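Chemist: Before I ask anything, let me first share the structure, which is written out below as structure tokens.
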Amino acid sequence: MTPLPSLVRAPIDPMEIVRAVSNPGNGAVLLFLGAVRQVNDGRDVTGIDYAAYEGMAQRELEAIVSEASSRFGTSDVAVQHRLGELGVEEVSVAIAVGHAHRDAAYAVSRFVIEELKRRVPIWKREHYTDGTREWVDPTGRASAGAPS
Amino acid sequence: MTPLPSLVRAPIDPMEIVRAVSNPGNGAVLLFLGAVRQVNDGRDVTGIDYAAYEGMAQRELEAIVSEASSRFGTSDVAVQHRLGELGVEEVSVAIAVGHAHRDAAYAVSRFVIEELKRRVPIWKREHYTDGTREWVDPTGRASAGAPS
Amino acid sequence: MTVTLLLFASYAEALGATTLDMELPRESTVGDLLTAIRSRPGADRLPPTPLVAVNERYANLDSVVREGDEVALIPPVAGG
Amino acid sequence: MTVTLLLFASYAEALGATTLDMELPRESTVGDLLTAIRSRPGADRLPPTPLVAVNERYANLDSVVREGDEVALIPPVAGG
């Protein structure tokens, strides 16, 4: 598997991620793309900026890929998250998984995106049509200690 | 959504399928690719040819897309299946789904591939390293009436 | 009456044809058609009750077949 | 001893800084550090017990902090 940077500031090339998990033993390849939505929680969004604790985010992304690989028996897992300012419809995250069988490909893909959203220190600030910007808190709460 | 042919003989362009489901309201896009595996059931495969009852296969694919759309509330579903001779690692089927939320995107993608494999009249003949070719029967049985 | 029978993949190989024009009495059903096929050489390689489509839609054994219908025997599908 | 505290996103806005050098007694814990931060202007906008990482790993309130450690307050993550 070609190693790809896990955090990027330039637009993500989804096919590059797909190629990174290409393997003649894979009957199924799954590509998940997260994109900036025009509307979130009823508010019109014009763009998003993503920020990260970069060293830790990279470390956590690598850990998630490694956990997925050993848990589901495939080394063909690639993930890339974009940072900086993104417009509507731009891709913020791409996750590609190759596996012999589709059941496992779906399971790995789901595992990676859920873990990413649970523990990778990346934050987003939405830009609204009225000119205001707000950091998004998907939990509405925070707690001490490692996420459970 | 740009209409795409559901059955093609030229190589599938995955990004064309992804673009077909692009929509500023979609927070998640999922692309499933089925590819020719080098080994199947322990036998070395050099290629596959796919044949179809073309009129019916198109009709069934359109029906599946339409069922998925109404069931999961998105019109951004595209599917393309290749026919003819394919080498190892070549893409036989591409399914792209766009949805506001990822839960639904995964559900739609899964629904489409499972229905496709259950009811779309497409057949594959594997080519083995010893020069033989065999039509694949994933069931090992057959029964009368519509698939249940 | 005449109906066109389409054969695909392993079934076409078994019967040595991809299209057969079948002569059947009026009011025949899919089941009657399957019975008529049984006398053909190679038909022993078909399963007892193969899947059938009439005019591109899955049909049952008791579905009635009409003059000019396109009837297809559908081997176990293997798309994807 | 000195530890470097990193702040991000809404927490950086709340405290008006992205990096703070904190002076703490030896053997201090993450909990002690959080208590020390409370006196800063804007700290009332932090949750009672924010997530904390020490040297890029999630840590608990009783994790011990050492000279030169990089400690980060982690707002609710929102990647993807």
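Protein chains in written order, with our numbering: chain A, 75 to 222; chain B, 75 to 222; chain C, 535 to 614; chain D, 535 to 614. Built from N, CA and C at the ideal position, the CB exists for glycine as well. None of the values given here were measured: they were computed from a predicted structure.
#1: With a threshold of 7 Å between beta carbons, is isoleucine 196 (chain B) in contact with chain C?
#2: For glycine 172 (chain A), count neighbouring Cβ atoms within 10 angstroms of its own Cβ and tell me buried if that reaches 16, exposed if not.
#3: Taking alanine 546 (chain C) as part of the alpha helix (DSSP H), name the residues at either end of that continuous run.
#4: Run through chain C and tell me which residues come within less than 8 Å of threonine 206 (chain B), C-beta to C-beta.
#5: At least one CB of chain A closer than 7 Å to the CB of arginine 111 (chain B): is that the case?
#6: So, with DSSP's three-state summary, where would you put leucine 190 (chain A)?
#7: Listing by chain order, which chain B residues have their CB less than 9 Å from the CB of leucine 567 (chain C)?
#8: Have a look at A:Asp150, A:Gly205, A:Pro195 and flag the residue whose alpha-carbon is nearest the alpha-carbon of arginine 133 (chain A).
#9: Taking C-beta to C-beta, are valine 110 (chain A) and valine 162 (chain A) nearer than 7 Å?
#10: So for alanine 174 (chain B), helix, strand or coil by DSSP?
#11: Is the shortest distance between the beta-carbon of glycine 101 (chain B) and the beta-carbons of chain A less than 7 Å?
#12: Using the beta-carbon of each residue, which ones in chain A are nearer than 8 Å to serine 562 (chain D)?
#13: Taking tryptophan 197 (chain B) and valine 611 (chain C) to be in contact with their CB atoms under 8 Å, please state how far apart those CB atoms are, rounded to whole angstroms.
#14: Assuming glycine 101 (chain B) and alanine 174 (chain B) form a contact by the criterion Cβ under 8 Å, report the distance between their Cβ atoms to the nearest whole angstrom.
#15: Beta-carbon of glutamate 590 (chain D) versus every beta-carbon of chain A: anything under 7 Å?
#16: Considering only residues of the region 102-140 of chain A, which uninterrupted alpha helix (DSSP H) runs meet the minimum length of 4 residues and lie entirely inside it, listed in chain order?
#17: What span of residues does the beta strand (DSSP E) with leucine 607 (chain C) cover, start to end?
#18: At a CB-CB cut-off below 8 Å, which residues of chain A make contact with leucine 540 (chain D)?
#19: I need the straight-line Cα distance from leucine 107 (chain A) to valine 588 (chain C), nearest angstrom please.
#20: Measuring alpha carbon to alpha carbon, tell me which of C:Thr563, C:Asp555, C:Pro559, C:Glu561 ends up nearest arginine 574 (chain C).
#21: Between aspartate 94 (chain A) and alanine 170 (chain A), which are expected to be in contact by the criterion C-beta below 8 Å, what is the C-beta distance as a whole number of angstroms?
#22: Checking contacts by CB at 7 Å: is aspartate 118 (chain A) closer than that to chain D?
#23: Taking the straight line between their C-alpha atoms, what separation do you get for isoleucine 86 (chain A) and leucine 160 (chain B)?
#24: Can you round the beta-carbon distance between glycine 614 (chain C) and valine 167 (chain B) to whole angstroms, since I take them to be within the 8 Å contact cut?
#25: Is the CB-CB distance between serine 80 (chain A) and leucine 135 (chain A) below 7 Å?
#26: For the candidate residues B:Met89, B:Gln154, B:Asp150, B:Ala137, whose alpha-carbon lies nearest to that of leucine 78 (chain B)?
#27: Give the DSSP-derived three-state secondary structure of proline 77 (chain A) in the structure shown.
#28: Along chain B, in chain order, which residues have C-beta atoms closer than 8 Å to that of alanine 299 (chain A)?
#29: Once the 5 residues before and after leucine 539 (chain C) are set aside, which same chain residues still bring their CB inside 8 Å of it?
#30: If you drop the 5 nearest sequence neighbours on each side, which residues of the same chain put their C-beta closer than 7 Å to that of leucine 549 (chain C)?
#31: I'd like to know whether the C-beta of isoleucine 608 (chain D) is nearer than 7 Å to at least one C-beta of chain A.
#32: Kindly indicate if chain A contains any beta-carbon less than 7 Å away from that of glycine 576 (chain D).
#33: Pull the bridge partners of alanine 587 (chain C) from the DSSP assignment, please.
#34: Show which residues of chain D have a CB atom less than 7 Å away from the CB atom of proline 212 (chain A).
#35: Within 8 Å, do at least three Cβ pairs link the region 199-207 of chain B to the region 116-125 of chain B?
#36: Scan the region 155-172 of chain A for residues whose Cβ lies nearer than 8 Å to a Cβ of chain D and list them as they occur along the chain.
Modeler: So, to answer that:
#1: yes
#2: buried
#3: Counting along the chain, the alpha helix (DSSP H) containing alanine 546 (chain C) begins and ends at 543-549.
#4: Correct list: empty, because the minimum Cβ distance to chain C is about 13 Å.
#5: yes
#6: helix
#7: Correct list: empty, because the minimum Cβ distance to chain B is about 11 Å.
#8: A:Pro195
#9: In contact: valine 110 (chain A) and valine 162 (chain A) (Cβ atoms closer than 7 Å).
#10: coil
#11: yes
#12: Simply none; closest approach about 15 Å.
#13: 7 Å
#14: 6 Å
#15: yes
#16: none
#17: 604-608
#18: Tyr127
#19: 40 Å
#20: C:Asp555
#21: According to the sequence displayed, residue 94 (chain A) carries alanine and not aspartate. With a Cβ gap of about 6 Å, alanine 94 (chain A) and alanine 170 (chain A) count as contacting.
#22: Interface residue (Cβ-Cβ distance to chain D less than 7 Å): aspartate 118 (chain A) is not classified as such.
#23: 29 Å
#24: Confirmed, about 5 Å.
#25: yes
#26: B:Gln154
#27: coil
#28: Nothing about residue 299 (chain A) can be read from this structure; chain A reaches only from 75 to 222.
#29: Thr553, Leu554, Asp555, Met556, Leu567, Ile571, Val605, Ala606, Leu607
#30: Leu541, Arg574, Gly576, Ala577
#31: yes
#32: no
#33: Partner(s): C:Tyr592, C:Ala606.
#34: Pro610, Ala612
#35: yes
#36: His155, Ser166, Val167
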